[in-house]
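See structure below.
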Amino acid sequence: MAQTVLVTGATGYVGGRLAPLLVDEGFNVRVLVRTAAKVAKTQWASRAQVIEGDALDPKALDSALSGVDTAFYLLHSISTGAKFDDLEASMARTFAEAAARNGVQRIVYLGGIANDENLSKHLESRRSVGKVLASTGVSVIELRAGIIIGSGSASFEMLRYLTEHLPAMITPRWVDNPTQPVAIVNMLHFLVAAARAPREVQGVFDVGGPETLSYREMMKRFAKAAGLRRRVIVKVPLLTPRISSMWVGLVTPVPASIARPLIDSLINKVVVDKSKSVLNVLPPPPEGLLTFDQALKRALERTNAPTRWTDASRPWVAWDVAVTDPAWTGGSLFVDERERITKASREQVWKTLSSLGGTTGWYGFEWLWRIRGRIDSVFGGVGMRAGRTDPNVLRVGDPVDFWRIADVVDGETVLLRAEMRVPGQAWLEFRVKPVEGGTHVVQRAIFRPRGLAGRLYWWVLIPFHAIIFPGMLRNALKHAEQG
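Heads up, the sequence shown is in the numbering used here, so the first residue is 155 and it goes up one at a time.
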């Protein structure tokens, strides 16, 4: 019979990716979340048992842990304030007692590599939680990892934003400390393997990728992979972790309450102890451990699509952004969104949108569109070319002036990807939905900037967007109403 497993922290970064993977692997999956609505829109929620409750509530834990073979403990409280370690210890104690009371056979816990003598408060708390979980006699596999590379990981997003926002930066001494990052897909592999491990396997095991790198080297490699100019990094001895976390909170959308304990941990060497390597007890991933560059490439691949409406038609992947991820996940995304309700039918609106570009034009300020196309041509871009297979039918892959049709759900949505030369990635999206008495239409201009130049580009264009986009939607719908 399939194992029954409980995943705590299913609205977090690792848990939000582990739960659907376990479902696909054939486990009977149960999740404990404080707010069930947070996972209600995920693709996997209907195939798992969702229990709403607090991990500090013994009754909620008894309900969640009853009949469970393996419990994944993926909880932390680093963003709750200065006394987060006391809260983490209390939560772990309550969970361990409930697991023993309900006959849970194994706890799989994800902690942090803690091999240094003088640990940061964050890593010391992670180590203490592991000891508390093992204190009631339940078998525990504690997997300790350093920086996890994947879109959505707080450590990775901090790396992303610092490198994207700052062409030059003054950094603390920890920028050259060694760390052994691991790809999220590899981390998930070992978590699943831990649930399947023989009963005699228990203890503390370090998880890391095949390379030991400094934070400086990771930022340089990120810049190269993201197509950014080489970053200038100057190390100084004056920046304390507190000042560094305030700086990160100012420069990036990662909250300072999360950045502070993460930065504190960078003062430690986060490198695998070979005598405690997870590879001594669990099988490696079939494709082997991903290098930092391979993991980085996968983390950046998710930027190919800016919207979520195609989720139902494409497979979920571990390095993609999850519904439960915070809004700052995946890098900066600028959006100009307009919406209107028209008395025209959905068919009339769709017919109008299907003829955008080319000889039809863009329903207003055509001269600005032509100037933009001419500028693009001057700088080696595609310009305002023509060339649709059918001027009245939207087909994926067809060019539309300096756009290309990236995705279509007939009668509902169309996504255009910009092919003009821009410092980033740009899309134009339309969503169409029938409502009582007419049709609701949403128009979104979406831009993912590349570096500081991309942000300046968007800010300079804001006044033009305020003129062009409202008029385009208004005139297109007026045309649809006129039939």
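Ideal placement from N, C-alpha and C gives every residue a C-beta, glycine not left out.
Rounded to the nearest whole angstrom, the C-alpha separation of Arg247 and Val286 is 6 Å. The beta-bridge partner set that DSSP reports for Arg558 consists of Pro553, Arg571. The way I'd put it, the segment 560–579 does touch the segment 595–604; three or more beta-carbon pairs between them come closer than 8 Å. Under the DSSP assignment, Thr317 falls in the alpha helix (DSSP H) whose first and last residues are 308–319.
Under DSSP, Lys389 shares a beta bridge with Thr325.
The closest CA to that of Glu318, considering only Leu297, Ala351, Met373, is found on Met373. Bounds of the beta strand (DSSP E) holding Gly265 are 260–266.
Counting of Cβ neighbours within 10 angstroms places Gln636 among the exposed residues, the total staying below 16.
In the DSSP annotation of this structure, His594 is not part of any alpha helix (DSSP H); the continuous beta strand (DSSP E) holding it starts and ends at 592–603. DSSP places Glu365 outside both helix and strand once states are collapsed to three, so it counts as coil. With contacts defined by Cβ atoms closer than 9 Å, Leu443 and Ala337 form a contacting pair.
In the DSSP assignment, no residue is bridged to Glu371.
Per DSSP, Phe446 has no beta bridge partner at all. With respect to the 9 Å criterion, Thr483 and Ser305 are classified as neighbours on the basis of their beta carbons. For Phe249, the uninterrupted alpha helix (DSSP H) run begins and ends at 238–255, by DSSP. In the structure shown, the three-state DSSP call for Ile303 is strand. Arg585 has Thr567, Val596 as its beta-bridge partners, per DSSP. According to DSSP, Tyr227 shares a beta bridge with Tyr263. DSSP places Arg494 in the strand class (E or B) of the three-state scheme.
If the five residues before and after Ala156 are omitted, its C-beta is found closer than 7 Å to the C-beta atoms of Gly180, Phe181, Asn182, all from its own chain and listed in chain order. For the pair Val159 and Leu228, the CB atoms are not nearer than the 9 Å cut-off. Comparing alpha carbon positions, the residue from Ile529, Lys378, Trp516, Thr496 closest to Glu590 is Thr496.
By the Cβ neighbour-count rule, Arg571 is buried, with 16 or more other Cβ atoms within 10 Å of its own.
By the criterion of a C-beta distance shorter than 7 Å, Phe623 is surrounded in its chain by Asp490, Arg492, Gln597, Ala599, once the five residues flanking it on both sides are discounted. Cβ atoms of Asp555 and Gly512 come within 8 Å of each other, at about 7 Å. With respect to Asn256, Leu219 sits close: the two C-beta atoms are nearer than 9 Å. With contacts defined by Cβ atoms closer than 9 Å, Ala349 and Leu548 do not form a contacting pair.
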